[in-house]
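Numbering (the numbering used here), first residue to last: 12 to 76.
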């Protein structure tokens, strides 16, 4: 028996569809991870800005005691 007889060079359409679904799910998961990371970084910048503003107010009012 020759090798081409053993290997199906054209997989069933269901496998292609399933692979497309897996690829799409992987892309969406990666996108959600990026969006979540961007949101975390935005929240961290807001917290840092609030802390810096608080420190500035404390310093203007006479500093830490």
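Yeah, the Cβ is synthetic: ideal placement off N, Cα and C, and Gly gets one too.
Alpha-carbon spacing of residue i relative to residue j, whole angstroms
| i | j | result |
| --- | --- | --- |
| residue 28 | residue 47 | 28 angstroms |
| residue 55 | residue 35 | 30 angstroms |
| residue 30 | residue 37 | 10 angstroms |
| residue 70 | residue 57 | 20 angstroms |
| residue 6 | residue 52 | Residue 6 is absent from the structure shown; the chain starts at 12 and stops at 76. |
| residue 44 | residue 50 | 10 angstroms |
| residue 40 | residue 68 | 42 angstroms |
| residue 26 | residue 66 | 60 angstroms |
| residue 42 | residue 32 | 15 angstroms |
*asked:* Just to confirm the assignment: which complete alpha helix (DSSP H) runs, minimum length 4, are found wholly within the stretch 42-69?
replied: Runs found: none.
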